[in-house]
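K.L.:
What follows is a structure written as structure tokens; I'll ask about it next.
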Amino acid sequence: MEAKKAIRKEIFRRRKETDPASICKNSAKIWQKLFSLPAFQESDWIYLYIDCKNEVMTDGIIKEAFRLGKKVAAPKVVGEDMIFYQISQPEDLEPGYFGIREPKTSLPVADGEDGLMIMPGVAFDNQRHRVGYGGGFYDRYLSRHTSHFTAALAFEFQMMEEVPTEPTDLLPDVVITEKTIYR
3 MEAKKAIRKE
13 IFRRRKETDP
23 ASICKNSAKI
33 WQKLFSLPAF
43 QESDWIYLYI
53 DCKNEVMTDG
63 IIKEAFRLGK
73 KVAAPKVVGE
83 DMIFYQISQP
93 EDLEPGYFGI
103 REPKTSLPVA
113 DGEDGLMIMP
123 GVAFDNQRHR
133 VGYGGGFYDR
143 YLSRHTSHFT
153 AALAFEFQMM
163 EEVPTEPTDL
173 LPDVVITEKT
183 IYR
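In this note's numbering, the protein residues as written are 3 to 185.
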């Protein structure tokens with residue numbers, strides 16, 4: 003647990019020090035790799051996090067999904083759980099848990115068992131092991147919704163030689179950075 007805390011602290015520092023132009027440029031490179039995946043091209047539903055605090059940006063993914071006629075769902079934290087709601091426009095999001103934009107609860111719940119799940123993370127290794135934010139929200143959600151193809155988005159500076167893992171940690175199917183796709 004202490005090792006994960008140290009990793010989080012280091013990656014948060016790196017993210018904070020990254021200039022906005024680099025965040026935008028590298029996010030766009032990551033999007034292009036994501037858009038080339040059959041899982042993105044063939045999925046009717048795109049489930050994704052809403053970025054904050056210098057994470058890989060997701061607004062461009064949302065725009066492309068809408069342009070292609072895909073359905074988009076974003077998460078809302080409810081207690082110890084996470085519920086995905088279908089969004090159809092940027093105005094469907096409002097400040098929520100820790101100030102992160104979340105969908106309004108008046109929107110339809112997206113509870114499909116298929117689609118592409120785009121997940122965040124703090125750090126990864128090239129075996130796709132993931133250090134999340136420590137809440138376990140994605141691990142719990144994906145343990146109940148097992149048929150999603152999962153893609154984690156990260157900047158190359160979030161990749162480590164090895165990250166500590168727990169038995170409950172779920173590996174994404176791919177980790178996409180601005181430089182490569184880890185499979």
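C-beta atoms are modelled at their ideal positions from N, C-alpha and C, and glycine is treated no differently. All figures in this text were calculated on a predicted structure; none of them were measured in a lab.
1) What residues match up with R103 in a beta bridge as DSSP calls it?
2) Among Q88, I64, I63 and F100, which one has its Cα closest to the Cα of Y135?
3) Which residue from Y184, G138, G123 and F139 puts its Cα closest to that of R132?
4) Are the beta-carbon atoms of L118 and Y49 separated by less than 8 Å?
5) If contacts are defined as beta-carbon pairs under 8 Å, then F159 and R16 qualify, I think. What distance do you get, rounded to the angstrom?
6) Rounded to a whole number of angstroms, what is the C-alpha to C-alpha distance between P110 and N56?
7) Considering Cα atoms alone, identify which of S29, F42, I13 and D171 is closest to R69.
8) Let me confirm a value: N28 is counted as buried when at least 16 other C-beta atoms fall within 10 Å, else exposed. Which label applies?
9) If we call anything under 8 Å between Cβ atoms a contact, is Y140 one with M161?
10) Taking only heavy atoms of the ligand COA into account, decide whether any of them is closer than 7 Å to the Cβ of S45.
11) Using 8 Å for Cβ pairs, my map puts F37 next to E66. What's the rounded Cβ distance?
P.N.:
Straight from the coordinates:
1) Counting from one through the sequence shown, the residue named residue 103 turns up at place 101. DSSP lists P97 as partners of R103.
2) Working through the sequence shown from its first residue, we reach residue 135 at position 133. If we check each option's Cα against that of Y135, F100 comes out closest.
3) Walking along the sequence shown from the start, residue 132 turns up at place 130. Measuring from the Cα of R132, the nearest candidate turns out to be G123.
4) The residue given as residue 118 occupies position 116 in the sequence shown. The residue given as residue 49 occupies position 47 in the sequence shown. Going by C-beta atoms, L118 is nearer than 8 Å to Y49.
5) Within the sequence shown, the letter at position 157 stands for residue 159. Within the sequence shown, the letter at position 14 stands for residue 16. Between the beta-carbon of F159 and that of R16 there is about 5 Å, and that keeps the pair under the 8 Å contact cut.
6) The count along the sequence shown starts at 1 and reaches residue 110 at position 108. The count along the sequence shown starts at 1 and reaches residue 56 at position 54. Cα to Cα, P110 sits roughly 28 Å from N56.
7) Counting from one through the sequence shown, the residue named residue 69 turns up at place 67. For the residues S29, F42, I13 and D171, the minimum Cα distance to R69 belongs to F42.
8) Here residue 28 refers to the residue found at position 26 of the sequence shown. By the neighbour-count rule (16 or more Cβ atoms within 10 Å), N28 is buried.
9) The residue labelled residue 140 in the question sits at position 138 within the sequence shown. The residue labelled residue 161 in the question sits at position 159 within the sequence shown. The Cβ atoms of Y140 and M161 do not sit closer than 8 Å to each other.
10) As for the ligand COA, it is missing from this structure, which has no ligand bound.
11) Here residue 37 corresponds to residue number 35 of the sequence shown, with the count starting at 1. Here residue 66 corresponds to residue number 64 of the sequence shown, with the count starting at 1. F37 to E66, Cβ: 6 Å. Contact.
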